[in-house]
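The working numbering numbers the first residue of the sequence shown as 5 and each following residue consecutively.
To keep things clear, I will list the structure first and then write my remarks on it.
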Amino acid sequence: MVGPANVQLMNIEGFRDLLAPDGQVVLAEAAASDVGESGLLATASRLRERYPADLVAAALTQVRLRERGRAKFGADAARMYFTPAGLEQSTRASVAKHRAKRFATYLPPAGRVLELGCGIGADLIARTREGVASVGVELDPLTAEVAAANLTVFALNGPASIRQGDATEQDPTGFAAVFADPGRRTARGRVFDPRSYEPPLDTILDLAGRVPAACVKVAPGIPHEALWGDAAAVRGPVEAEWVSVAGEVKEAALWLGELAGDVGRRATLISGDADPVVETLTPVPGLGDPQVRGWGRYLYEPDGAVIRAHLVAEVAARLGGGLADPQIAYVTGDALLPTPFATAYEIEDVLPFSVKRLRAELRRREVGVLTVKKRGSAVDVDRLRRDLGFARKAPRGAPEMTLVLTRVGRDPIALLAHPARV
Ligand SMILES: C[S@@+](CC[C@H](N)C(=O)[O-])C[C@H]1O[C@@H](n2cnc3c(N)ncnc32)[C@H](O)[C@@H]1O
Numbered sequence: 005m006v007g008p009a010n011v012q013l014m015n016i017e018g019f020r021d022l023l024a025p026d027g028q029v030v031l032a033e034a035a036a037s038d039v040g041e042s043g044l045l046a047t048a049s050r051l052r053e054r055y056p057a058d059l060v061a062a063a064l065t066q067v068r069l070r071e072r073g074r075a076k077f078g079a080d081a082a083r084m085y086f087t088p089a090g091l092e093q094s095t096r097a098s099v100a101k102h103r104a105k106r107f108a109t110y111l112p113p114a115g116r117v118l119e120l121g122c123g124i125g126a127d128l129i130a131r132t133r134e135g136v137a138s139v140g141v142e143l144d145p146l147t148a149e150v151a152a153a154n155l156t157v158f159a160l161n162g163p164a165s166i167r168q169g170d171a172t173e174q175d176p177t178g179f180a181a182v183f184a185d186p187g188r189r190t191a192r193g194r195v196f197d198p199r200s201y202e203p204p205l206d207t208i209l210d211l212a213g214r215v216p217a218a219c220v221k222v223a224p225g226i227p228h229e230a231l232w233g234d235a236a237a238v239r240g241p242v243e244a245e246w247v248s249v250a251g252e253v254k255e256a257a258l259w260l261g262e263l264a265g266d267v268g269r270r271a272t273l274i275s276g277d278a279d280p281v282v283e284t285l286t287p288v289p290g291l292g293d294p295q296v297r298g299w300g301r302y303l304y305e306p307d308g309a310v311i312r313a314h315l316v317a318e319v320a321a322r323l324g325g326g327l328a329d330p331q332i333a334y335v336t337g338d339a340l341l342p343t344p345f346a347t348a349y350e351i352e353d354v355l356p357f358s359v360k361r362l363r364a365e366l367r368r369r370e371v372g373v374l375t376v377k378k379r380g381s382a383v384d385v386d387r388l389r390r391d392l393g394f395a396r397k398a399p400r401g402a403p404e405m406t407l408v409l410t411r412v413g414r415d416p417i418a419l420l421a422h423p424a425r426v
């Protein structure tokens with residue numbers, strides 16, 4: 005039975021039946037039916053009148069996953085195959101394409117990539133489309149078959165192939181590079197210790213050390229000490245690229261050996277899916293720390309990838325601004341300048357933090373919709389919203405305000421601001 009809000013567990017036999025000609029007929033019919041919340045049950049019973057229940061369930065599961073997959077893969081999702089976990093863990097097409105281009109640029113023309121844990125094959129597909137041949141190794145037998153089916157869908161078999169097996173037992177000899185996007189989620193939830201990644205990070209790095217180049221995707225929260233310095237887990241030159249999509253930090257990619265460029269850190273911002281726009285920021289040699297100054301007319305909130313890559317000084321320099329507190333990544337300046345690397349706000353008022361004072365100021369301005377942001381503040385935002393009388397939805401058209409909670413030194417500060425359009 006396919007529940008309205010979820011999808012049924014899949015098995016290999018069911019997936020193979022779906023790929024067979026009879027299964028494809030059911031899948032095509034399911035894809036053309038209403039599988040939304042309200043129509044799903046009726047569609048399932050109608051299809052079950054003519055087709056085996058297991059096949060109908062497998063087809064509906066796949067159609068539901070394809071709908072979900074559209075956010076990451078656009079129109080391709082309607083042709084792809086997924087498992088629930090495989091979709092969840094897969095790299096968004098725009099990010100995979102950006103990464104694939106780097107492989108295509110830096111690897112020798114016939115250089116092949118060994119991918120350790122390829123999942124449903126999103127990165128593998130993107131690289132093959134950029135002309136880079138790969139072998140994808142996948143431990144989970146069903147996921148491996150799903151990845152192979154995806155290669156067939158896009159006619160990428162040949163330059164790309166799937167090996168079902170344990171990545172930790174592979175011999176990378178002869179490959180130009182290793183790529184790994186290890187699982188960071190187990191049955192017990194998200195894992196933070198890279199030794200608990202699947203495959204584990206140290207095993208991946210050992211294999212990576214045996215080929216001329218490598219790329220490993222890790223959690224964006226990876227500490228800089230793990231990458232550079234005496235305690236670093238990574239040996240040799242590494243470039244860490246923090247990637248955000250539409251303002252949300254998605255991953256850090258570690259580029260090693262011949263894939264490492266000539267900078268250590270990079271923030272990459274990707275926006276748009278069909279024709280992604282990629283903006284990239286790297287350290288300015290000799291720049292030093294940003295200046296510390298009083299609040300200017302504008303507040304700039306750097307993109308999370310910029311902050312993770314420790315490139316706030318570069319953004320401040322571009323904006324002719326500085327920091328009000330040297331520890332807090334809010335840039336302030338007097339000029340409104342366009343930048344993809346930060347979101348600009350016009351500061352209306354700078355107040356010492358006080359609930360009573362804020363309530364009075366917001367009431368005086370007849371604010372109806374309040375957006376709260378914070379950095380360097382321990383205030384409980386939900387509670388503050390209630391205390392300020394903003395727990396309920398505001399009427400349409402009510403004046404809007406952005407409240408920024410931060411501090412300068414030990415002093416808690418509240419900024420009243422508006423998004424600024426350049
Ligand atoms: C995060 S997913 C990869 C997603 C892939 N980059 C994509 O975009 O579709 C990690 C995959 O590694 C697989 N895996 C975990 N341990 C493995 C191992 N020892 N050998 C091979 N695959 C493994 C998991 O089954 C999972 O499918």
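Heads up, the beta-carbon is just placed ideally off N, CA and C, and yes, glycines get one too.
(request) Verify the contact flag: L146, CB atom, against every heavy atom of ligand 1, threshold strictly below 7 Å. (result) no
ask   = Can the beta-carbon of R133 be found closer than 8 Å to that of V117?
value = no
ask   = What is the DSSP secondary structure of G27, reduced to helix, strand or coil?
value = helix
Would you mind reading off the limits of the beta strand (DSSP E) that contains I417?
415-423
### Message
Going by C-alpha to C-alpha distance, which of G413, V373, W299 sits closest to A431?
### Response
The requested residue 431 does not occur in the structure, where the chain is confined to residues 5 to 426.
Discussion item. Between which two residues does the beta strand (DSSP E) holding Q66 run?
Written reply: Element bounds for Q66: not the beta strand (DSSP E) but the alpha helix (DSSP H), 57-77.
Worksheet item: Taking DSSP as the reference, what is the three-state secondary structure of V39?
Response: Coil.
State buried or exposed for N154, treating a residue as buried only when at least 16 other CB atoms are found within 10 Å of its CB. buried
By DSSP, does V385 sit in helix, in strand, or in coil?
helix
State the CB to CB distance for the pair E142 and G162, rounded to an integer number of angstroms; the pair is presumed to be in contact (CB under 8 Å). The pair is not a contact, with the Cβ atoms about 18 Å apart (cut-off 8 Å).
For a test of the three-state rule: what should DSSP assign to N10, helix, strand or coil? Residue confidence is low: N10 scores 44 on pLDDT, short of 50, so the model does not pin down where it sits. No coordinate-derived value is stated.
Would you call L45 buried or exposed, if buried means 16 or more other Cβ atoms sit within 10 Å of its Cβ?
-> exposed
(Q) Rounded to the nearest angstrom, what separates Y334 and V385 at their Cα positions? (A) 18 Å
Report task. Consult DSSP for T177 and reduce its assignment to one of helix, strand or coil. Result -> coil
Does the distance from the CB of V60 to the CB of A35 come in under 8 Å? no
> Whose CA, out of T347, G178, A278, lies closest to the CA of D80?
Replying inline: Comparing Cα positions, the closest option is A278.
Straight-line CA distance for E252 to P198? E252 and P198 have their alpha carbons spaced roughly 21 Å apart.
Going by the C-beta, is L209 closer than 7 Å to any heavy atom of ligand 3? Ligand 3 is absent from the structure shown, which contains only ligand 1.
Where are the alpha helix (DSSP H) runs, 4 residues long or more, that stay fully inside the segment 282-359, in chain order? With a minimum length of 4 residues, the continuous alpha helix (DSSP H) runs that stay inside the segment 282-359 are 308-312, 316-323.
*Pick out whichever of F19, L407, S42, A48 has its Cα sitting closest to the Cα of E33.*
A48
Say the cut is 7 Å; is the CB of T190 nearer than that to a heavy atom of ligand 1?
no
Suppose you measure from the CA of E318 to the CA of R167; what does that come to, to the nearest Å?
44 Å
**Prompt:** For T87, which of helix, strand or coil comes out of DSSP?
**Reply:** coil
Is it the case that the CB of I417 approaches a heavy atom of ligand 1 more closely than 7 Å? Answer for I417: no, Cβ out of range of ligand 1.
Q) Residue range of the alpha helix (DSSP H) that T147 falls in? A) 145-157
Subject >> Per-residue burial, T306 [other beta carbons within 10 Å of its own, 16 or more giving buried] >> reply: Per the sequence shown, residue 306 should be read as Pro rather than Thr. The residue is buried, with at least 16 neighbouring Cβ atoms inside 10 Å.
What are the boundary residues of the beta strand (DSSP E) that K221 is part of? 217-222
- Tell me the DSSP bridge mates of S248? According to DSSP, which records beta bridges pairwise, S248 is partnered with V253, L273.
**Asked** What are the uninterrupted segments assigned as beta strand (DSSP E) that are 3 or more residues long and contained completely in the segment 86-120, given in chain order?
**Response** 117-120
| field | Rounded C-alpha distance that separates G169 from R297 | value | 57 Å
On the three-state DSSP scale, how would you describe E33?
It is helical.
| query | Who are the Cβ neighbours of P344 in its own chain at under 6 Å, not counting the five residues just before and after it? | reply | L273, E283
Review point. Under the three-state reduction of DSSP, which class applies to I208: helix, strand or coil?
Key: Helix at I208.
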